Amino acid sequence: MIPSHRQRPALRFAPSPNGLLHLGHALSALLNADKAEALGGRLLLRMEDIDVTRCTPEFERAILEDLAWLGLRWEQPVRRQSEHFDDYRAALDALIARGLAYPAFMTRGEVKAHVAASEAQGLSWPRDPDGAPHYPPFERGLCDGERKARIAAGDRHAWRLDMGRAIEACGEPLSWTETGDGETGEIVADPAAWGDVVLWRSDAPSSYHLSVTVDDARQGITHVVRGLDLFHATSVHRLLQRLLDLPAPVYHHHRLILGTDGRKLSKSEGDTGLRELRRQGLTSTDIRRLVGL
Numbered sequence: 401m402i403p404s405h406r407q408r409p410a411l412r413f414a415p416s417p418n419g420l421l422h423l424g425h426a427l428s429a430l431l432n433a434d435k436a437e438a439l440g441g442r443l444l445l446r447m448e449d450i451d452v453t454r455c456t457p458e459f460e461r462a463i464l465e466d467l468a469w470l471g472l473r474w475e476q477p478v479r480r481q482s483e484h485f486d487d488y489r490a491a492l493d494a495l496i497a498r499g500l501a502y503p504a505f506m507t508r509g510e511v512k513a514h515v516a517a518s519e520a521q522g523l524s525w526p527r528d529p530d531g532a533p534h535y536p537p538f539e540r541g542l543c544d545g546e547r548k549a550r551i552a553a554g555d556r557h558a559w560r561l562d563m564g565r566a567i568e569a570c571g572e573p574l575s576w577t578e579t580g581d582g583e584t585g586e587i588v589a590d591p592a593a594w595g596d597v598v599l600w601r602s603d604a605p606s607s608y609h610l611s612v613t614v615d616d617a618r619q620g621i622t623h624v625v626r627g628l629d630l631f632h633a634t635s636v637h638r639l640l641q642r643l644l645d646l647p648a649p650v651y652h653h654h655r656l657i658l659g660t661d662g663r664k665l666s667k668s669e670g671d672t673g674l675r676e677l678r679r680q681g682l683t684s685t686d687i688r689r690l691v692g693l
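Residues in the sequence shown are numbered from 401 upward in steps of one, following this note's numbering.
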């Protein structure tokens, strides 16, 4: 059952337990906590651990320790994506039943080679806002019998959204309410810019786009506070919300903490890791100062 959108405001911090938290995570976690308090709402915690090979209990324990050290308090239980694959599969099956998703059999290497060959001939190939090439359209038209035969034969595949059909199924333009550090107001969504996004990966159950959309609805999230690097991805999430008849939160995409090279921080950069900063004697107050709060 999807919680009512009329309940108390609800926010969530949703790290992936595949490494240690750094200053960028601290900014996002603290902003979520501050906004939840200002709205008189709830702070929830979600572990985005669909990548079961890289996400570990050890990293989750470290994340919980760091968040507690920052002074955060969140409602129990913690939602773990690895415990809710059935939810994501049900959402995928609903899209498949409407003819809005299809099995995609091309490997990453095959996609890369096809795009390179096209560009070598002077043809431009569409790329998504992150710079990745759109998936080639050849398999959209496969008949149902051929799809089933290839799946039955064990051909490795992902499931992708048929973006053209999905947008057509919406029937009207999409937008979202934005209150963050970039553009604000009512933002026009452009899901077509992403091409046929992955909904269910061949190497892991579900995908980020599908699982985060389902989770936000299941947890009754009313305000999504996350980094500006996910601003454009909101177009895909709004599309999935409309297709799955899920509520739309208010979005707040905040500034990013950048490293000395001007790039977004990585979990591999130990000098900005919260555990290392704590070892050096910094306090949670120091962390708030370092991230500009």
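The C-beta atom is built at its ideal place from N, Cα and C for all residues, glycine as well.
Predicted model, so just to flag it, every value in this text is computed and none were measured.
- Ranked by how close their Cα comes to the Cα of D686, the residues T579, W469, F413 and Y651 have W469 in first place.
- The beta carbon of W474 sits closer than 7 Å to the beta carbons of L443, L444 and L445 from its chain, once the five residues preceding and following it are set aside; these are given in chain order.
- P533 is a Cβ neighbour of V515, given a cutoff of 9 Å.
- For W469, the secondary structure class from DSSP, reduced to helix, strand or coil, is helix.
- Going by beta carbons, P503 and R560 fall inside the 9 Å limit.
- Here the alpha carbons of A558 and A552 stand approximately 14 Å from one another.
- Ranked by Cα distance from T660, the first of V452, T672, D615 and H653 is T672.
- Around the CB of L423, 16 or more other CB atoms lie within 10 Å, so the residue is classed as buried.
- By the Cβ test, the segment 614 to 632 is in contact with the segment 480 to 487, since at least three Cβ pairs between them sit closer than 8 Å.
- The DSSP-derived three-state label of P526 is coil.
- Taking a contact as a CB-CB distance under 8 Å, the pair S416 and R626 does not count as one, their CB atoms being some 12 Å apart.
- Between R678 and W600, the gap from beta carbon to beta carbon reaches 9 Å or more.
- Restricting attention to V588, T584 and E568, the CA atom closest to the CA of S575 is found in V588.
- Taken in chain order, the whole alpha helix (DSSP H) runs of length 4 or more contained in the segment 562 to 610 are 563 to 570.
- Here the segment 634 to 652 does not lie against the segment 446 to 462, with fewer than 3 beta-carbon pairs under 8 Å apart.
- Counting the other CB atoms within 10 Å of its CB gives W525 a total below 16, which places it among the exposed residues.
- Around the CB of L430, 16 or more other CB atoms lie within 10 Å, so the residue is classed as buried.
- In the three-state reduction of the DSSP assignment, F413 falls in the strand class.
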